[in-house]
Each structure stands twice: as structure tokens, then as C-alpha cells.
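There are 2 protein chains.
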Amino acid sequence: MLENITGAQLKKMTLKELLALCEEAREIITRTVLKNGGHLSSNLGTVELSVALNYVFDFPKDKLVFDVGHQCYTHKLLTGRYFEFDTIRQKGGISGFPKRAESEYDCYNVGHAGTSVSAALGIAKARDINGENFNVIALIGDGSFNNGLIYEAFNSLRLLNTNILLILNDNGMSIAPTVGSMHEYLEILSEDITQKHKKDRHAKIFERFGFEYDGVYDGNDLEKMISKLEEIKEKLKTQSVILHVLTKKGKGYSFCEENPEVTHGITNSTEKVDEYSEILGKTLTRLAEKDKRIVAVTAAMTSSLGLSEFFEKYPDRSVDVGICEEHAAILCASMATEGLKPYYAVYSTFLQRSFDEIIIDICSQNLPVTLCIDRAGISGSDGETHQGVFDLSFLSFIPNLTIAVPKDISEFEKMLEFSAEFNAPLAIRYPRSGNKIFNKRDEILCGQWEKLTEGDGKYALIACGERAINCALNAESLLREKGVRLSVINACFVKPMDTETLDSLKEKFILTVEDNMLIGGLGSLINTYFSAENKIIKNFAYADDFIPQGGVSELMEELGLSAEKIVDYILTNENR
Amino acid sequence: MLENITGAQLKKMTLKELLALCEEAREIITRTVLKNGGHLSSNLGTVELSVALNYVFDFPKDKLVFDVGHQCYTHKLLTGRYFEFDTIRQKGGISGFPKRAESEYDCYNVGHAGTSVSAALGIAKARDINGENFNVIALIGDGSFNNGLIYEAFNSLRLLNTNILLILNDNGMSIAPTVGSMHEYLEILSEDITQKHKKDRHAKIFERFGFEYDGVYDGNDLEKMISKLEEIKEKLKTQSVILHVLTKKGKGYSFCEENPEVTHGITNSTEKVDEYSEILGKTLTRLAEKDKRIVAVTAAMTSSLGLSEFFEKYPDRSVDVGICEEHAAILCASMATEGLKPYYAVYSTFLQRSFDEIIIDICSQNLPVTLCIDRAGISGSDGETHQGVFDLSFLSFIPNLTIAVPKDISEFEKMLEFSAEFNAPLAIRYPRSGNKIFNKRDEILCGQWEKLTEGDGKYALIACGERAINCALNAESLLREKGVRLSVINACFVKPMDTETLDSLKEKFILTVEDNMLIGGLGSLINTYFSAENKIIKNFAYADDFIPQGGVSELMEELGLSAEKIVDYILTNENR
């Protein structure tokens with residue numbers, strides 16, 4: 180039924196037909212995600228809600244703004260993307276997130292938490308300014324609802340003098356179970372709601388900010404969902420409404436229902452496991468045994484960062500604050516003022532949210548906080564909004580910050596040992612998976628690089644991080660066969676740079692390789708170091724553009740980060 | 180009395196003596212701020228509160244965390260900084276903000292809004308982990324209370340299982356009058372509080388998050404303040420408390436009481452007026468007359484950004500969201516999706532809070548939002564936490580973003596006209612004051628630089644922004660007298676760069692000048708552009724360190740950004 184469905188057809192369907200449509204969507208989503216990877220249980224939980232929304236509202240005239248976007252698959256199936264659905268998250272395929280360029284039914288791109296209410300308010304305000312007439316709906320999960328942006332948006336609802344429908348999809352989880360007082364409050368609301376007077380008493384918080392509160396506490400009941408949305412649609416003409424919907428994460432697929440955390444994000448079989456995060460967890464747990472100052476802070480990703488064991492073993496020295504990256508960074512800085520040794524583990528892309536706090540709270544106070552930056556470099560199938568390719572650029576100019584980039588999981592372990600003794604701000608950046616151990620090092624010294632191959636004097640390849648080092652060493656071995664010998668240098672600290680080594684390379688042709696944007700990264704730092712010299716440097720890094728979804732290796736190859744490209748460049752240079 | 184006062188002496192004083200102390204503090208603060216510049220009315224409002232806090236609590240054993248820090252002067256006077264007080268905000272003098280390096284009574288550095296609750300929680304949590312016993316107090320103004328960080332911190336209070344005292348100093352203003360629903364709620368609380376049952380009904384929001392709510396609605400009454408704090412001190416052993424204190428901004432100085440917005444920040448007489456902000460206001464108001472798509476968004480600084488007239492003239496097309504920089508950026512992005520033309524005006528240092536939203540919401544969607552970045556470059560007396568020297572570095576690597584830097588107020592006006600027709604993300608960065616108009620330009624073309632002097636072939640100085648252009652042109656004129664002729668080029672677009680002009684300079688010795696960090700700024704971009712060439716470039720920009728307080732010119736001079744330094748460098752090079 181889904182194949183060529185239009186909004187007009189959907190609106191003519193009987194309940195029975197709509198229920199069959201839900202089952203069909205559920206089946207396609209499960210099958211596709213198990214093949215391509217993606218967000219499974221959150222999407223299964225919101226099938227009925229998405230069908231009801233498309234049944235009641237008139238998209239694309241009405242606007243549906245997702246938060247993060249882990250629940251947009253059914254909406255995609257219902258709005259013209261049935262035939263491309265099996266390309267989801269693949270290179271050149273449709274996105275796993277809402278994307279304006281893909282469809283007029285996706286009105287706002289998302290990926291990071293908490294933006295939907297602000298975006299819906301902006302769209303509604305623009306509608307009013309333009310004198311238009313349509314409904315604006317934000318759909319947010321209870322995990323994102325912890326983010327400070329929600330409060331900022333709530334606080335300005337009356338100020339903006341406009342109306343939106345905010346649907347709070349409450350499944351009790353972000354990736355991990357949702358934490359915090361707001362979520363406890365939501366539980367109270369949904370438990371007491373059958374008793375009218377209690378609802379009136381409890382729903383005050385939302386009313387203070389200008390929302391009328393309503394709830395559907397069986398959000399997987401399509402009939403109830405439709406009838407409530409129809410009722411609310413009328414109200415929206417004069418009033419903003421928050422609709423609290425309880426859904427079951429993983430609904431309809433028993434393995435998911437029973438394992439919502441593992442099935443939040445499904446990895447397809449060609450992707451590797453999380454070896455760097457395993458090392459983080461194991462090493463930090465070991466170090467914390469001896470060093471009672473060590474504390475770990477996460478923002479709703481404890482398990483995927485490898486820290487479950489640490490959290491179990493040291494519950495008093497670990498905090499998951501929910502999706503609150505700014506707050507997490509300040510907690511670390513302030514705990515450090517009292518002599519603790521905080522580790523803030525976070526994905527590279529989400530660390531962007533802590534940018535100001537890294538500058539002001541951590542680095543301007545020169546506090547010994549260690550940032551463990553996971554999923555650095557190209558992160559793959561999630562696309563533009565999740566690539567970890569900006570971190571070297573947004574960290575390299577911050578005074579007092581040391582930036583370390585391990586070349587393999589073994590060096591990462593050594594760096595964590597180094598970090599425990601290091602008494603200043605430190606960032607350690609690493610990709611998701613570790614494929615190779617290049618060597619075992621005895622000791623890490625701050626700002627000291629490692630020469631991996633000797634070379635014959637002409638070329639020096641300076642690279643940082645496993646992927647770049649791998650390109651460099653593969654290029655070295657391909658060129659060795661052709662009689663060209665490269666020095667390959669592991670720039671395991673991007674800051675401070677090893678100026679002694681750099682000075683020893685003055686006579687060489689330097690090539691830099693990194694899994695980061697060219698602007699502001701390792702190559703840029705080296706270019707600037709040598710700016711006052713007559714010196715040729717060739718940089719391999721990502722050009723000034725957003726990087727779409729795709730496999731890590733295929734994207735790196737396409738963007739010019741490969742052994743072959745390095746070899747080609749050097750051979751062309753040799754023959755010039 | 181204040182001269183050599185200690186905490187022990189303070190605790191022995193009679194109420195009468197304490198009141199005299201308040202008057203003395205008020206007098207010193209007024210006198211000093213009128214001379215040195217600084218935050219006047221917020222500090223006058225919190226004299227009694229500060230005396231009461233120091234009377235009741237035992238600093239530095241107990242910890243007092245300020246929010247932003249616009250209310251720390253009395254605390255400084257009471258804790259050993261009486262004799263240095265007249266150096267406040269001057270180069271080498273004491274800071275206008277709390278500063279750990281300055282005194283053990285300043286336990287946490289601040290400057291940007293909303294951090295105090297998170298920091299107090301981190302300190303309290305560390306205290307618990309370390310098995311220590313002291314009180315932790317956060318002091319926040321109602322303006323900062325709008326920031327999303329507050330919600331993130333509130334949401335984790337129970338989770339962290341620790342106790343703090345949060346004092347909400349409510350004077351109805353941040354710099355501008357406080358906006359938003361939370362503030363309306365605070366008004367209801369303070370109005371109804373005398374009726375016990377109403378308090379119980381209303382204070383629910385704070386109780387939900389784990390705070391007991393209490394209030395002192397005449398926060399300038401020292402006796403009441405002391406007795407309430409003594410009562411609460413007992414409770415803190417088992418409970419977190421939020422104490423809502425109403426104070427009068429500018430208390431005790433009638434001109435301030437009547438003009439709290441103008442007297443929030445006092446500028447000393449040697450500083451110039453805000454000419455760039457005047458141009459912004461005038462030009463945007465004029466452009467908005469014809470172009471109904473233009474909207475303006477600010478985050479609690481409408482007047483100091485020059486936008487008061489715009490807001491008065493176009494109330495439906497202007498929004499001040501309070502101190503919510505993230506939300507402001509998303510509002511702009513989302514309004515742009517509906518065809519509007521949003522201008523987000525903000526200080527450079529506070530734009531750091533919108534970093535992630537600039538990448539994801541504005542630039543990855545390639546939306547025509549214009550960032551008007553005021554107080555760029557060295558901002559002066561506020562010191563480390565307020566310098567605008569990072570913006571080129573944190574913007575230059577963001578794809579899709581065009582970065583413009585006008586060389587004077589006349590060019591700024593032209594750039595705003597240019598921006599109205601420009602259909603992609605645009606950042607325009609400018610300092611507070613405009614001192615000079617170098618020339619009047621007819622037209623601004625995207626990415627096209629301007630040659631200001633011809634030179635004789637050897638040296639090219641590429642500079643951006645009024646201050647750097649001024650150094651460059653002064654150097655040019657000093658060197659002309661010595662027979663050395665420079666080409667001075669106005670890099671009015673830092674991105675995209677004018678590659679045609681750059682290519683024409685291949686044979687020249689290039690010098691770059693900018694009022695920004697070296698790493699990631701204009702100089703770095705040019706170094707990287709020429710990395711594959713045998714070419715010498717000399718960069719004048721700020722080295723990798725935080726920049727303390729001081730006068731703009733004296734700091735620039737000291738940090739190597741002056742005509743003399745450029746002249747010296749070139750003459751040394753000539754004689755080599």
C-alpha cells in the first residue's frame with residue numbers, strides 16, 4: 180500500500196487500512212535498518228504517530244520539524260521516498276535524517292538535540308510575518324527534552340506571540356534511558372493523568388510558558404492518536420499546545436522492545452566494533468582504581484563511549500547529565516577546581532555544543548580536564564550533521580589546550596596513562612573503530628612526535644590519527660617498491676607541535692595528512708609554522724565543504740585522503 | 180572601615196556598622212566606576228547582599244560562584260582588594276570579574292551567562308566526593324536565568340545528589356530589561372509571596388527540580404537579608420535552596436536607579452562611542468523599510484548593538500530572546516527557511532555560544548542569515564572572557580560561510596547593503612568603535628579585495644578590519660618617508676579570499692595583519708593558500724595565549740600589532 184501513497188489517498192483510508200499501513204511501514208523499516216544500519220527502535224515506536232500526523236495534517240503546507248531526527252523514517256515512507264528507502268544512509272542514497280534538499284516534506288535539517296522547538300517557533304513566527312496560514316509541529320523525544328535549548332525556546336514562546344504544536348514523544352530513553360528531574364516530572368504527569376484534578380495541578384510548568392498540556396498515554400494506539408490530533412488541530416488557531424505522547428521504543432519487534440538501548444542505533448555488518456571506546460572504558464576504570472581523583476562525565480552516551488563498566492564500578496564518581504553538553508563541560512571544569520581529575524567523554528560532533536565552555540571554563544582557567552573525543556574524523560552514514568571533521572579546527576586556536584591524536588588503540592591507552600599525570604586541559608581525539616596496532620610505545624612525552632620510517636632525505640609525511648597514519652604508511656610502502664623512501668612521522672600531538680622535529684625537516688618536502696578539515700587543522704598549523712621559510716608543503720585534508728553520508732573509506736578516498744593519492748602526488752612531483 | 184577588613188572582623192560588627200560599611204562600599208564603587216568604567220548599577224544593587232553573604236558564610240572555605248560577575252565588586256572590597264580597587268579593569272590591575280588567580284575568595288572565573296549553577300553543582304559534587312564540608316553558593320541575576328544552561332543544571336540537581344544555595348538576584352534587568360516567561364513567573368512569585376498558600380502553589384517549578392524556594396523581597400534590607408541567610412545556612416545541610424532576592428539595580432545612586440540600562444556598563448572617558456553599532460542600526464532600519472523580509476534578532480543587548488530604533492520601528496520583525504545565543508541562531512535559521520532575511524546581531528565573545536548552530540542550522544542548510552558580530556578583536560577592559568579575538572578562527576573553517584570584515588564604518592554600511600542582496604550565510608565582523616573613514620567605496624563585490632596603496636613591487640601588506648588596516652597604512656606612510664613603498668591591500672573578505680589578487684602577489688614578500696588569533700585567522704588562510712609555493716610570509720596577529728584586560732591600543736601594541744612593529748620588521752629585512 181505504501182508504494183505510491185499520497186497525502187490525499189492517506190486521508191481517505193479506513194482505520195483498518197491505516198493499521199495495515201503501519202504494519203507495512205514497520206516491516207520495511209526493520210528489514211532496511213537491519214541491512215543498512217540506522218535508527219531502529221526509535222523509528223518503530225513512532226510509526227502510528229507518523230501515520231496519524233500525515234493523516235490529520237496537510238504536509239508539506241503544514242510543517243513538521245523533527246528533533247535530532249531519529250524518528251523520521253515512517254514520515255519518509257509516507258512522503259514519496261518509498262522507492263529510495265533501501266538506499267537510506269548509503270552513499271548517494273536518501274538521508275537517515277530529515278533533509279530539505281531531499282524533499283519538500285522535510286522542512287528543517289537536524290541532527291543535534293533540542294533544536295526543534297526553536298525551529299518551529301522561527302517557522303511559525305515567519306508564517307505570521309508573511310501573513311500565511313498553516314500549522315507548525317515540532318516532534319521531540321524525551322531525551323532531547325533535557326537540552327537547555329528547550330528552556331530557551333519555552334521562555335520565548337509568549338514573547339514571539341505565535342502558536343505551535345509541540346509533540347513530546349516520551350519513550351523513556353534517548354540512546355540510554357533518559358535521566359533528570361524533567362523526566363521524573365513527565366512520569367508523574369503520565370501516571371496521574373486519568374485523574375483530571377491531578378492533571379490540572381501538575382501541568383502547571385508547561386502552562387507557565389504558554390502551552391496548553393494534553394496527553395495520549397498510549398501513543399501506539401492509532402485511533403486515539405488520530406482523534407487527539409484532530410481535536411488539537413482546532414485549538415492551534417488560538418493556542419500553543421504540548422502533546423505528551425507515550426510510545427514504546429522498538430514497538431512491534433520484540434527483540435527491540437526488550438533491548439531498546441542496543442537497538443537504538445544498528446550498525447551494519449561491514450562497520451567495525453568500537454575498539455577505541457573499549458580502550459577508554461578499560462583504561463579509565465583501571466586508572467580510577469588507584470587515582471581517586473578521576474571522575475567521568477557523559478552526555479547521554481555512556482554505553483557507546485565505552486564507559487558502562489566505569490559507571491557501574493564508580494557510581495559516585497560518574498555522571499551522565501543527559502543531552503546537556505554545555506553543562507557537562509562546566510561540571511568538569513568546576514570539579515577540577517576542587518582537585519578532581521575529570522574526563523568528559525563525548526562524540527566529536529556533539530562537542531561543538533561545548534565550544535564556549537572549553538574556551539572560558541576549561542582553558543581560560545587552565546584546568547586539568549581531559550576531553551575524550553570519540554567518533555572524530557569522518558563518521559560515515561549519519562552524514563553532514565554528524566561528521567567529526569571540525570574538532571582539530573575548533574580546538575587548535577584555544578590557548579592552554581594540548582591536543583593529542585593517538586595513531587592506534589595501543590597509543591590511546593598510553594595517552595590515557597599520560598593524561599592521568601597531566602595537569603592542564605587536554606583533548607584526545609580518536610575515530611570509532613581501531614583496525615590496526617602499528618607498534619607498542621613505551622612512553623608518551625607531551626608534544627613529542629614519533630618517527631615511524633626513516634626515509635632517504637627528500638620527503639617527510641607528517642600524519643595524525645590512525646586513518647591518516649595508515650594512508651601515510653601504505654603510501655610509504657608503495658613508494659618504497661618504486662625506490663622512493665619517505666620519512667613518516669606520527670604527529671601524535673597536534674598541539675604543542677614538536678618543533679625540534681619540525682626544524683629537523685627544514686630541508687625536506689613536507690606532506691601532511693589528517694582526517695579533518697584543511698582549514699585550522701594540522702596541515703594549517705604546519706604551514707603557518709613554516710610561513711617565514713621558503714618551503715613547499717602539500718596538505719592532504721578535507722576541502723571546504725560539508726561531507727555527506729557514505730562509508731568511511733569510500734568518502735576518504737573520494738575526498739583525496741588515500742595512499743594512492745599521496746603516491747600519485749609524489750610520483751608526479753618526482754617526474755616533474 | 181573597609182580598608183583592612185577581614186571576615187572575622189565583619190562577623191563581629193553591629194548592624195549599624197555593617198550599614199555604614201555598605202554606604203562606604205557604595206561610595207567607593209560609584210567613584211571608581213565613574214573613573215575606570217565598569218559595571219555600576221548591578222554592583223550598587225547587590226551591596227547589602229554581598230555584605231550579608233560575607234557576614235553569614237565563611238569564605239574562602241565556603242565557595243561563592245558568581246554568574247557573569249557583574250555584581251562582584253563589593254565582594255572584592257570585602258575580601259582583601261580594597262587597596263587595589265582603583266586599578267580595577269586597568270592593565271595590570273584587578274579584574275572587573277571574579278578571577279581565581281587574583282584571590283582565593285574568587286573560586287570560579289566567569290564572564291558568559293548561565294554558568295554559575297553548573298559550576299556550583301560541580302564544586303558541591305567534588306566536595307562530596309572528597310568528603311569535605313563547606314557551603315556552595317551560586318549568585319545569579321534574573322537576566323542570566325534565561326539561559327538554557329540553567330535548565331540543564333536544574334535537571335541534574337537530584338541526579339548529582341548534592342546541595343547548593345542558589346541566590347537569584349532579581350532586578351528585572353540583564354543589560355536590557357529581562358524578557359520571557361520565566362521572568363513573568365518570577366514576578367508572580369514575588370508579588371504573591373506574602374500569602375502563604377499562593378507561595379506553595381506557585382513555587383512548584385523549583386520544587387520539581389529539587390530546590391526549596393524562599394524569598395527576600397526587599398533584598399536591599401540588610402537585616403532581613405542576614406537573618407534569612409542564617410536561616411537557610413542551617414537548611415543547606417540536607418537540602419538545596421533557591422533564594423529569590425529582589426534588589427534595586429543602581430540602588431543608592433539616583434541617576435542609576437532612574438537609568439539602569441545606560442548605567443549597567445560605564446565607559447570611561449578615553450573610550451570611543453559605538454559608531455559601528457550606530458551604522459548597523461541606521462542602515463538596517465533603512466533597508467528594512469523597503470525589504471519586508473528583513474528581521475533582527477538579539478540576545479539581551481538590543482541597545483548596545485545599536486538596534487533600539489529598528490526594534491521600535493518594526494516591533495513585529497524584531498526579537499530580543501534574552502541571553503539565549505543558541506536559540507537566537509536557530510530562530511534566524513528557521514525564519515530564513517520561510518523566505519525571511521534574518522540579521523543576528525551579537526558580540527563576538529557571546530557568539531561562541533552559537534557555534535554549533537552556525538555550523539548545523541545556518542551553514543549546513545546554507546541559509547541567508549547574516550551574523551553582525553560586534554566587539555570583534557580586542558575588546559579591552561573586560562579581559563580574558565570577553566575578547567573578540569577568536570571569531571575569524573572559529574568561523575573560517577565552516578563551509579558555506581562568507582566572512583566580511585569592513586575597514587571602516589563607511590565600508591560597513593556598504594557591506595550591509597551588499598548583505599541584503601546576498602543569499603547565503605554571511606558573517607560581518609567589526610570592532611566597537613570607528614575612528615576613521617579611509618575612503619568611500621562605490622560597490623562591494625563578494626570576495627573582492629581592495630588595493631589601498633600601489634607600492635613598488637617588493638612588499639604587500641594584507642590586512643583586514645579597521646585596526647589592522649590602520650596599522651598597515653601608518654606603516655606604509657612611515658616607510659614611504661624612508662623610501663620603501665608598500666602595497667596595502669584591504670582583505671575585506673576573509674572568506675572567500677580574493678585569489679586573483681593573491682595570485683598577483685606571488686612574487687612579493689607578503690605580510691598579513693589582523694586583530695585576531697594567528698591560528699585559524701586571515702594569516703593562516705593565506706599561509707595555507709601559498710603552502711605549495713616557495714614563499715616567505717610574515718604574520719602579524721595574536722600569539723597563542725589568553726589576552727588580559729587593558730586598553731585596546733596598549734594591548735595591541737604590546738602584542739605586536741602596531742605600525743612600528745611592521746616598520747621595524749621590514750627595515751630589518753631590508754638591511755639583512
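Here the protein sequences line up with chains A and B, keeping their order. If you count the first sequence from 1, you need to add 179 to reach the working numbering. If you count the second sequence from 1, you need to add 179 to reach the working numbering. C-beta atoms are modelled at their ideal positions from N, C-alpha and C, and glycine is treated no differently.
Could you list which residues in chain A have their beta carbon closer than 8 Å to that of residue i, in chain order?
i, result
"Lys717 of chain B", "Ser710, Ala711"
"Thr564 of chain B", "Ile539, Ser543"
"Arg755 of chain B", "The contacting residues do not exist; Arg755 of chain B stays about 12 Å from chain A at best."
"Val498 of chain B", "Lys304, Ser335, Leu338, Leu339"
What residues of chain A sit near residue i, judged by a beta carbon separation below 7 Å?
i, result
"Ser527 of chain B", "Going along chain A, no residue has its Cβ under 7 Å from Ser527 of chain B, so there is no contact; the nearest lies around 12 Å."
"Arg268 of chain B", "Here the premise fails: no neighbours, minimum Cβ distance about 17 Å."
"Glu517 of chain B", "Ile302, Ala305, Arg306, Asn309"
"His423 of chain B", "Within 7 Å Cβ-Cβ: nothing; His423 of chain B doesn't reach chain A, min ~15 Å."
For the beta strand (DSSP E) that contains residue i, what are its first and last residues?
i, result
"Tyr523 of chain B", "520–526"
"Asp246 of chain B", "Segment: none, Asp246 of chain B is in no beta strand (DSSP E) and carries neither H nor E."
"Arg608 of chain A", "605–608"
"Thr477 of chain A", "473–477"
"Glu629 of chain A", "629–632"
List the residues of chain B that residue i touches, going by C-beta distances under 9 Å, in chain order.
i, result
"Leu510 of chain A", "Ser297, Ala298, Leu300, Gly301, Lys304, Ala332, Ser335, Leu339"
"Tyr364 of chain A", "Arg387, Phe388"
Considering only residues of the same chain and omitting the five flanking positions on each side of residue i, which have a CB-CB separation below 6 Å?
i, result
"His376 of chain A", "At His376 of chain A, the pLDDT of 48 sits below 50, so the modelled position is not reliable; the number obtained from the coordinates is stated separately. No residues qualify anywhere along the chain."
"Ala162 of chain A", "Nothing in the structure corresponds to residue 162 of chain A, since chain A is present only between 180 and 755."
"Ile582 of chain A", "Leu574, Ala606, Val673, Lys674"
"Asn706 of chain A", "Ile716"
Please go through the same chain and pick out, in chain order, the residues whose beta-carbon is closer than 7 Å to the beta-carbon of residue i, but skip the five residues on each side of it.
i, result
"Ala742 of chain B", "Cys650, Asn653, Ala654, Leu657"
"Ile698 of chain B", "Ser572, Asp723"
"Cys503 of chain A", "Asn325, Asn326, Gly327, Ala478"
"Gly186 of chain B", "Asn233, Asp237, Phe238"
"Ile329 of chain A", "Gly293, Val296"
"Thr464 of chain A", "Glu488, Phe489, Lys492"
"Met404 of chain B", "Glu227, Leu228, Ala231, Val395, Gly398"
"Val235 of chain B", "Ile405, Leu408, Glu409, Lys412"
"Leu684 of chain B", "Ala639"
Return the first residue and the last residue of the alpha helix (DSSP H) that residue i is part of.
i, result
"Glu679 of chain A", "678–683"
"Lys674 of chain A", "Taken as a continuous stretch (DSSP letters only), Lys674 of chain A belongs to no alpha helix (DSSP H), being part of the beta strand (DSSP E) at 672–674."
"Lys717 of chain A", "Element bounds for Lys717 of chain A: not the alpha helix (DSSP H) but the beta strand (DSSP E), 716–721."
"Phe385 of chain A", "383–387"
With DSSP collapsed to three states, give me the class of residue i.
i, result
"Lys190 of chain B", "helix"
"Val424 of chain A", "strand"
"Ala515 of chain B", "helix"
"Tyr708 of chain A", "helix"
"Tyr252 of chain A", "helix"
"Ile552 of chain B", "strand"
"Asn148 of chain B", "Past the edges of chain B, shown from 180 to 755, lies residue 148 of chain B, and the structure says nothing about it."
With a cut-off of 8 Å on the beta carbons, I'd call residue i and residue j a contact; round off their distance for me.
i, j, result
"Gln627 of chain A", "Asp677 of chain A", "6 Å"
"Leu401 of chain A", "Cys201 of chain A", "6 Å"
"Val568 of chain A", "Ile745 of chain A", "In fact, because the Cβ distance is near 19 Å, the residues do not count as touching under 8 Å."
Listing by chain order, which chain B residues have their CB less than 7 Å from the CB of residue i?
i, result
"Gly290 of chain A", "Ile539"
Closer than 8 Å by beta-carbon distance: list the chain B residues that pair up with residue i, in chain order.
i, result
"Pro578 of chain A", "Asp723, Asp724, Phe725"
"Ile329 of chain A", "Gly327, Tyr330"
Within the same chain, show all residues whose beta-carbon is closer than 8 Å to that of residue i, passing over the 5 residues directly before and after it, in chain order.
i, result
"Gly460 of chain B", "Leu484, Gly485, Leu486, Ser487, Glu488, Phe489"
"Lys520 of chain B", "Asp470, Arg472, Ile473, Val474, Pro547, Thr549, Ala599"
"Glu283 of chain A", "Pro239"
"Leu198 of chain A", "Leu401"
Going along chain A in order, which residues have a C-beta closer than 9 Å to the C-beta of residue i?
i, result
"Ser656 of chain B", "In chain order: nothing, as chain A lies at least about 25 Å away."
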